[in-house]
Each structure stands twice: as structure tokens, then as C-alpha cells.
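In terms of the numbering used here, the sequence shown has 631 at position 606, counting the first letter as 1, and numbering is strictly consecutive.
Have a look at the structure below before the remarks.
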Amino acid sequence: MLFNYIKLSLRSLFRESVYSVINMGGLALGIAASIMLLLWVQEELSFDAFHSKKERVYRLNAQFDNSGTVVTWSTTPAPIAAFGKQQVPAVEEAVRIDNFHDIALITYNDKKITETRPIGYVDANYFKVFDAKLLQGNPQKPFPDNKSVVISVSVAEKIFDTKDAVGKVFRLNEKDDYTVAGVMEDMPKNSTLQYCILFPFQKLIDEYQSGGYWKTLESDWGDYMYQTFFLLQQDAHADSVAKQLTRIHRANQDGTNVSYIMQPLAKLHLYGADLSEEGIQTVRIFGIIAIAILLIACINYINLATARASKRAKEVGVRKTIGADRSRLIGQFLTESAIISMLALGVALILIQISIPYYNTLTGKAFTFRITEGTVAYLILGGLFVTWLVSGLYPALVLSAFKPIEVIRGKLTLSGSNSTFRKILVVTQFATSILIIISTLVFGKQLDYIRNKKLGFNKENTFTFGLRDKMFENIQTIRNQLLKSPAIEQVSIANQNILTLDNTTGDTDWDGKEEGQDFMIHPMVIDEYFMEAMGMEMVEGEGFTGAKSDTAKYILNETAVREAGIKDPIGKSFTLWRTKGVIAGVVKDFHHRSIHKKIEPSVFLYRPDWSWLVYVKTNGHQNEEAVAAAQDIWKQYNAAYPFEYSFLDVSYNKMYNSEQRLSKLFAGFSAIAICISCLGLFGLATFTAAQRIKEIGVRKVMGASINQIVLLLSKDFLLLVVISFVIAAPLSWYMMEDWLAEFAYRTTLPWDVFIIAGIVVFVLAFLTMSFQTIRAARSNPVDSLRSE
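In C-alpha cells form, the structure reads like this:
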């Protein structure tokens, strides 16, 4: 029976080869696009899912009420881990992590390598909490002493040319020797924690330098430098633990209003530190698009199959007359759908295999497409099943329901509910396509807004590089050498990258500060040349001059003055880290973080001996010469180290890599969606023109022009496109407003975006139909009427 179904299905497919190709092509594109999108969605959702204790692991995040604005950090002071483990019964383990903030030059015998991947300091119980598998070494005691280290397999092979590295010794940055105590597997790409070398956190504790107020690292409640993870007991409630940790901190630090929240390990990748939906929103959007594209492809099949129902009515009538029941007819039509779905899947797999390298470049991922892989196999089988069932079931039910007596009498009609259903499907197709196109345009407008937004400083033609060792004591000489190059206009020095001011403190005081008022601010150390080099604008007062008295002066941004409630700030007292000074100036607000976040209070101070990051402003025409001049000076002091630099505008653009990639993905898949929709419309137009060929002949004989006939054949379809736009426009407006709400600074949603999307789809739909309608309108009426 099955063989007979297959034989009949193949005959039908070859007999209607044009429609078969349209169906198969649309399904192939839909399956390929949806599988590739779902690969991306699945990879994003899989982050940190491999940890066996992921349900019980949380990162502790700190929140502050900063003069009415809630600020959330993903870091905490060091003591909270130890205090939490000692005083909170629900805590099973606590692990602190700090990043290694330097270039890692590793020397082994005569070999020297630099490691640029993340390196961290971790507590000894790191391997009890996270599934970082130790291939060699003792997970219970990974660090025998402060001169021991755990390295990944890739680092071991790079340094020692072998995985068997335990007991081997290397020198770090030409200073300290470390003995390899363990070798761990490289972390999977879908891990938030990507450290390739681990040093003992105890080393930071032992080397802590007291600033006079906090005596030890384990008692320093004011330095929010460390990620802290807690492994909770099986039945523990995270919110309750966070409240207990909040009480512990406030009991040990007077005057703080810190509150703690717990962020599940599984939510580190796609959620903000305040648990706001950041990446997860985009993942949902792309998941919906994947399903929508597959649905659009299935709609093509349903539309063409039901539209062609009248041509197969006699076949169904004859088969029913000779004894075929409905179940057998449904089986035949489902077999036909299965064959097309499998052929489409084969074409889709070829398309995916060809396009996966370009897809990886576009997404920044490293997907491999092997059919035997679990995830890929499930996606393929799922896509095949859904395509077969969704596209085949309804046409099978419609076609098998024909009554043979009506077919034989010629009374069969396909108007009414079936025709209405087809129109609904066409509207769904084009509404989805319009929605995706509008989303693509909005993504592009927001990226243009980001690229062109005034930041409060000039990021163009400026690069940075760090000082090390003897360069610190020779900074003035280095500056003078750099300024000798005609390619360099200005040189300044600071302690941070202005694009990402990470340092934050609440240790402040000022004239007029209200009792109990807490105030968090981003401090940045600069020299007297910095503001000129960066093109920053002073609103009030003056900048630094380089005089010794500048160490007792502070420059605040407008937000700091406003949120602190300081009136007439120039000359007012301001205290930072218990160093009292005066406010010498107010600088115009500038963006020192991603524009996802609002501008926060910041303060500039003058401490030449605290600076390490050099800013070099070029003339804009000789950037390569300016970099070469800086590199020559670097080699004079650090010949063994690679010269690493970055241009501010490049770094700024990298901050929005995900948005740029998403915009390209939207553009690519919107093109696929509209292509599939137009393919289906082409098939329907072809069928409609064939069905109405005699009507066209009669109208031409009666004097109808080609334009009138084209309009006659097209107007119904174009009306459906207009209805699609009316439905898609408000829906896309709502979705994009929701997405743009994630940005503190964003573009507007102008009407032209919607008009452009509507015109594009309308024109493409018209051009798609024109090929067939014009051809039908130009046909010779004698040929169509000859049989009458």
C-alpha cells in the first residue's frame, strides 16, 4: 500500500512539476532558515547549562539607591563570601573570582608566549562549584601554595607542547615562577566563565596593601572588585539568602545602603545584573522568526495544494467511486507531502552546508553542522515532522472531503471557507514578512543613532596603550618623544578607558550632603592634557593646569552635581576617599558606558602617579605613522612584550557588535521571508491565471486592455498585501518599542520606516504577480477560446 502511495505521489509531482518545484523550493528555504536560526537560539540558551549544580549556583550582585536611581553591580566586596559561608546555613560553598589585569608573558626555557585569553584568581573550592574538569591535579586542593597554578589543556600544549604539565615551572612577566599543579579541560564555548589559567585567590589576600582604612582584604567592605558565587543547599531560597547577606554587610559597614540580589548561573549570559531582560528578548524574537519563516513556507504548500484542489477533484471522485475511503486518500496526500518535505529537507541541508561558514562570520559563532550531532539531528527531525504535518494535513483533509456525486455532476465549488482560509494564510505570510522588514529597518536606525550620537568627547583618531615597569617613571620623556612625531597632535594619560568607567565608590562627602544620603560615583584619574585631547566641554569653572594644587581639586560631571544636589558648585568642598578638596569645574555630561545605560555621576581627579593608560590623539591622516611611533617607544622599554593598542572608535563599535550582528541577521532572514512569500504568491498567481484563462480571452475579445486585465488579476492579491500591512504595522511598532526600551538613549520610530516596509513588500508582490498576469493578459484569446 505504501509503495502504491509513493508511486501515485511521484506521478502527481512530476505531472505538476512547476508547482512541485515552487513548493519544494519554498519549503527548502524555510527549513534551512529556521534550522540555522534555531541553532543560534539553542546555542544562546545553552550557556552554562553543562554545570551539574547550575540549579543551585548564584552570583551575588550589589544594588544601591543612588539618589533615587537604582544602580546594580555584578561585583561585591571580598569579605561577603567568607562571612556568608560562616553565618548563613543555606550556603554550601562560596567562590570569589577576580580577573588578572595585565598582559601575561609566559616564559618556559627559551620559549616566550603571551596569553590574551581571560585569566583569573579563584578560591580553592572553585572546582567544587563549577564543572571545570581537572584532568590532572587534586580538585579538593588545586593550589598547594600561592606559587601554584592550574592551566587549561590548550595552554599546556602551547607552553610545554604536552598535556602532561603537572610539576612543570614557568615564569610570569619575567618576575615570578609558578608550578603547574593541575591541568583542566578547556571550557566549552557556551560557558560564561572562560578562564584558561587560574591563580589562587589566596595570593590576593596575602598581597593586599592596606590603604590605611581597611586593614585586610577579608575586612575590606568598600572595594567592589570581585565576582562572588554561592552554591546553596538543596532546599534553600535564594531571595532569603540575599536578604541575610544584606544584613551581614550592613552590620559590618556603617552608613551603606547596599542590598544584595541573587542571579542564577543560568541567567548570567542573557540577563543584566539587575535581572533585566537583555539578550533573552532577542533570543525570543529570533525563535519566533524561525517558527514564522517555517510557517510561511508551509503556508505556500497549503495555499497551492488547496488552490489546485479543483484540478484533483475528479481524481478524488473516481478513487472514492471505486472504493477508496477517506483514510486512504488522506494517507496518499500525506505521503505526497512527506515526499516533498523530504526532498525539501535534502535541498535545505545542502543550503545549510554551503552557507554555514558565512553564517558563522555573520553571527560570530563557530557552528558545525553534522547531521549525527544530537542538537542538529533533533532540529532536522523536528523541522521535517513539523513541515510534513503542518503543510500536509490540512490539504489532505480538504482534498479527501470531496463528494464524488458533486464532482461528477460538476457542482463542486471551492469558494467560501477554503478561499477565505487561503486569504488568511496569504495575509499571515505577508504580515510576518512586513514585521521582519520593519524590525530590520529599526535595528539599522538604532545602530546609526549609536554610531552618530554625540558622546560628550571625541572618540575619533585616538588610540590607547598601557604603561608597564620603567615606563611609569619616564612618562614625561615618553610624552615628549611621542609629540615629536608630526602624526601626533596630543598625548595624555589616565587610569581608565573613558568608554567603560568601571571604578565606582560611595566614599564621598560634600557641602550640603543630607544625613543618610548615599551617593555612588565613577572616579577617573586624568592629567592636565586629557580634556583638551578628548574635546570635552567645561560647563563651569576650569580644568587641571598641572600645578601641584590640582591634587586638591575635583571636576564633576553635570549628573554628579545634579544628583548630589549641589547648588553653585564651583569652590564648594568635595571629599573623595577621605581626601578633602574643592570643586574646580563642571564638565558637560559624557557617555562613559554603553548607551543601554543612563549617564551616571563621575568625578575627575589629578593624581599623576596613579595613571597607566596613554591616550594618543593623531592628526587623522597618519594613524599608521602615529601607531608606529608609539610602538618604537614601547620596544625601548618592553621588547619582550607585544605592543597592544586600540582605537577608541573601534572599541566603541565593538561594544555594539551584538546589535550589529543582529541587524545583519534580521536583514538576511527578512530577505528569505519575503522571498518565500513571493514564491508562494508567484505560484498562486500562476494558478489563478491558468484558471481564468478563458475569462481573460472573453474580456480581450470584448475590448479589455492589457492594463485592465492585469489589474483584474492582481487587485485581490494586492488588497491582501495592504491588509497584511495594516495588521503588521501596529504589531511591529509594539515589538520594536519594547526592544528599544532596553536602551537608555534611543532613536524614535518615524513613520517612514513603516511606509518604506509597506512599499517594498507591495512593489515586490506586484512584480512577482506581474510576470504571470502580463503574460496571461498578452496571450492570444483565440487559443483559450478554441475549445468552446
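Each residue gets a CB set at the ideal place from its N, CA and C atoms; glycine is no exception.
Let me confirm a value: M794 is counted as buried when at least 16 other C-beta atoms fall within 10 Å, else exposed. Which label applies? Result: buried.
So if DSSP puts S173 in a beta bridge, which residue, or which two residues, is it bridged to? Paired residue(s): T204.
I believe P21 touches A181 by the beta-carbon criterion, under 8 Å. Please report the beta-carbon distance rounded to the nearest angstrom. Beyond the ends of the chain as shown, which are 26 and 813, falls residue 21; an answer cannot be given.
Which residues mark the beginning and the end of the beta strand (DSSP E) in which G531 is found? Where G531 is concerned, there is no enclosing beta strand (DSSP E), given that its DSSP letter is neither H nor E.
Please state the DSSP three-state secondary structure of M212. Here M212 sits in coil by DSSP.
Residue from G566, I375, I381, K240 whose Cα sits closest to the Cα of V612: For the options G566, I375, I381, K240, the alpha carbon positioned closest to that of V612 is the one of G566.
Between which residues of its own chain and D577 is the CB-CB distance below 6 Å, once the five residues before and five after are set aside? Contrary to the premise, residue 577 reads as Ala rather than Asp in this sequence. Cβ within range, chain order: G606.
Could you tell me if E361 is buried or exposed, where buried requires 16 or more neighbouring beta carbons within 10 angstroms of its beta carbon? Here E361 is buried. Its C-beta has 16 or more other C-beta atoms within 10 Å.
L437 (DSSP reduced to helix, strand or coil): Because L437 carries a pLDDT of 48, less than 50, the predicted location of this residue cannot be relied on, and the following value inherits that uncertainty. Residue state, collapsed to three classes: coil.
Would you identify the three-state DSSP class for F672, choosing helix, strand or coil? DSSP places F672 in strand when its eight states are reduced to three.
Mind checking whether F615 and L480 have CB atoms under 7 Å apart? In this structure, L480 lies closer than 7 Å to F615 by Cβ.
Candidates Y677, H617, H274, of which the one nearest Y249 by Cα: When Y677, H617, H274 are compared, the shortest CA-CA separation from Y249 is found for H274.
If you drop the 5 nearest sequence neighbours on each side, which residues of the same chain put their C-beta closer than 6 Å to that of M49? Same-chain partners within the cutoff: I365, L368, A369.
Could you check the C-alpha separation between D211 and L160 for me, to the nearest Å? Looking at the two C-alpha atoms, the distance is approximately 10 Å.
Distance CB(F392)-CB(I379) smaller than 7 Å: Contact annotation: F392 and I379 have beta-carbon atoms that are not nearer than 7 Å.
Residues that N86 bridges to, as DSSP identifies them: Per DSSP, the beta-bridge partners of N86 are I286.
What separation, rounded to the nearest whole angstrom, lies between the Cα atoms of D575 and T487? Cα-Cα distance, rounded: 25 Å.
How about I373 and A53: are their beta carbons less than 7 Å apart? A small fix is needed here, since residue 373 is Ala in this sequence, not Ile. Taking the C-beta atoms as reference points, A53 is found nearer than 7 Å to A373.
Residues in the same chain with beta-carbon distance under 6 Å from S619, minus the five sequence neighbours each way, listed in chain order, please. Residues of the same chain with a CB within less than 6 Å of the CB of S619, apart from the 5 flanking positions on each side, are M680 in chain order.
What's the C-alpha gap between L387 and T457? So the alpha carbons of these two residues sit roughly 23 Å apart.
What are the boundary residues of the beta strand (DSSP E) that includes F255? It spans 252-257 - the beta strand (DSSP E) in which F255 sits, taken as one unbroken run.
7 Å Cβ cutoff met for V641 and V516: Between V641 and V516, the C-beta spacing is below 7 Å.
Buried or exposed, going by whether 16 or more other CB atoms sit within 10 Å of the CB of G389? Exposed: under 16 other Cβ atoms inside 10 Å.
K601 versus A655, G568, T570, M545, residue with shortest Cα-Cα distance: Checking the displayed sequence, the identity of residue 601 turns out to be Leu instead of Lys. The residue with the shortest Cα to Cα distance from L601 is M545.
Same chain, Cβ closer than 7 Å to P169, five either side skipped, listed in chain order: Here the set comprises A206.
At which residues does the alpha helix (DSSP H) containing K660 begin and terminate? Taken as a continuous stretch (DSSP letters only), the alpha helix (DSSP H) holding K660 covers 648-662.
Got a sec, what are the start and stop residues for the alpha helix (DSSP H) A276 sits in? For A276, the enclosing alpha helix (DSSP H) stretches over residues 263-277.
L480 in three-state terms, based on DSSP: Collapsing the DSSP output to three states places L480 in coil.
Considering N124, what are the terminal residues of the alpha helix (DSSP H) in which it resides? Under the DSSP assignment, N124 falls outside any alpha helix (DSSP H), being part of the beta strand (DSSP E) whose first and last residues are 116-124.
Which partner residues does E140 have in the DSSP bridge list? Per DSSP, A129.
Endpoints, alpha helix (DSSP H) assigned at T584: Where T584 is concerned, the enclosing alpha helix (DSSP H) stretches over 583-589.
Helix, strand or coil: how does DSSP classify P537 here? According to the sequence displayed, residue 537 carries Gly and not Pro. Here DSSP, grouped into helix, strand and coil, assigns G537 to coil.
Contacting residues, own chain, Cβ-Cβ under 7 Å from Q506 (five flanking each side not counted): Here Q506 has I658 as same chain residues with Cβ atoms under 7 Å from its own Cβ, once five neighbours each way along the sequence are excluded.
Among residues of its own chain, excluding the 5 on either side of D763, which ones have a beta-carbon nearer than 8 Å to its beta-carbon? Exclusion of the five residues before and after D763 leaves Q306 as the residues of its chain whose Cβ lies within less than 8 Å of its Cβ.
Classify D231 as buried or exposed, calling it buried when 16 or more other Cβ atoms lie within 10 Å of its own Cβ. Exposed: under 16 other Cβ atoms inside 10 Å.
When you measure from the CB of E557 to every non-hydrogen atom of the ligand PLP, does any distance come out below 6 Å? Among the ligands in the structure shown, none appear at all, so the ligand PLP cannot be discussed.
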